[in-house]
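According to the numbering used here, the sequence shown is numbered sequentially starting from 243.
Comments concern the structure below.
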Amino acid sequence: MGRLLIVNGSPRVPHSHSKQIAELFQTFWGGEVSKYNVTAKKHAGICEQIGTYTDLLFVFPLYVDGLPVTLMHFLKEMENHPVSPKPVVHLIINCGFLEPEQNRVACDMVHLFCKQNGYPFGSSLWIGSGEAILETPFAYFVKRKLKKMATSITTGKPVQQMVTMPLPKRAFLKESTKYWIRYGEKNGVTKQQMETMEIESVGI
């Protein structure tokens, strides 16, 4: 069993969907694991230690069809601190679109980074349908994929997977709207605020 470093690339740590996914993944991982949040901004120290891990797992949300800027800063620091040996890089990307294929470009960006910097690329999991999926019976599908991914990392046999809610798009839009309205109410934010730029200053 190898040593795994999980890097949460979400700017919303500690209240992020990525954190929930990473914690679920850990329930299927039987080896040694360390965690790092990119919001900690102590990149140099952790990047110097990356060579002591066999595997590196990035968990992050899709941002404008690409990577969050917080994660891009971390990758730049990795580039500035080359290590040997290099761990195998794995990805879990989550997006608010129903279609998990929307994560393809972000995956390609990390794959290119690995190619340019000599990191082997391993498994990836693209998750669609947003945060609500973990609060529905469909969470089972995510857990099943996470378990398969943990096994693939352990065995060194990469897998590329996708998962989303098996719903028609119209039904998904209806239910996701209800979810965000409830989420806003829970945090004291109205539907009207969420429809304006005021939401940027609320920080839910």
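For glycine and all other residues, C-beta sits at the position ideal for the given N, C-alpha and C.
Every value quoted in this text rests on a predicted model; they were computed, and no experiment measured them.
Indicate the three-state DSSP secondary structure (helix, strand or coil) for residue i in the structure shown.
| i | result |
| --- | --- |
| Ser-189 | It is not possible to answer for residue 189, since the shown part of the chain is limited to 243 through 446. |
| Gly-308 | strand |
| Lys-261 | helix |
| Arg-412 | helix |
| Glu-341 | coil |
| Gly-364 | strand |
| Lys-318 | helix |
| Phe-302 | strand |
In angstroms, rounded to a whole number, what distance separates the CA positions of residue i and residue j?
| i | j | result |
| --- | --- | --- |
| Asn-250 | Leu-354 | 19 Å |
| Met-184 | Val-352 | In the structure displayed, the chain extends from 243 to 446; residue 184 sits before or after that span and is not available. |
| Leu-333 | Asn-359 | 16 Å |
| Ala-286 | Asp-350 | 24 Å |
| Met-320 | Thr-406 | 31 Å |
| Pro-256 | Met-391 | 23 Å |
| Tyr-305 | Met-243 | 33 Å |
| Thr-397 | Glu-377 | 30 Å |
For residue i, count neighbouring C-beta atoms within 10 Å of its own C-beta (all shown protein chains included) and say buried if the count is 16 or more, exposed if not.
| i | result |
| --- | --- |
| Val-301 | buried |
| Tyr-361 | buried |
| Lys-387 | buried |
| Glu-373 | buried |
| Ser-326 | exposed |
| Pro-408 | exposed |
| Pro-379 | exposed |
Going by DSSP, what residue range makes up the alpha helix (DSSP H) through residue i?
| i | result |
| --- | --- |
| Ile-395 | 381-397 |
| His-332 | Careful: His-332 lies outside any alpha helix (DSSP H), inside the beta strand (DSSP E) at 330-336. |
| Ile-288 | 285-291 |
Following the continuous beta strand (DSSP E) through residue i, name the residue where it begins and the one where it ends.
| i | result |
| --- | --- |
| Lys-357 | Careful: Lys-357 lies outside any beta strand (DSSP E), inside the alpha helix (DSSP H) at 346-359. |
| Glu-274 | 274-279 |
| Asn-250 | 245-250 |
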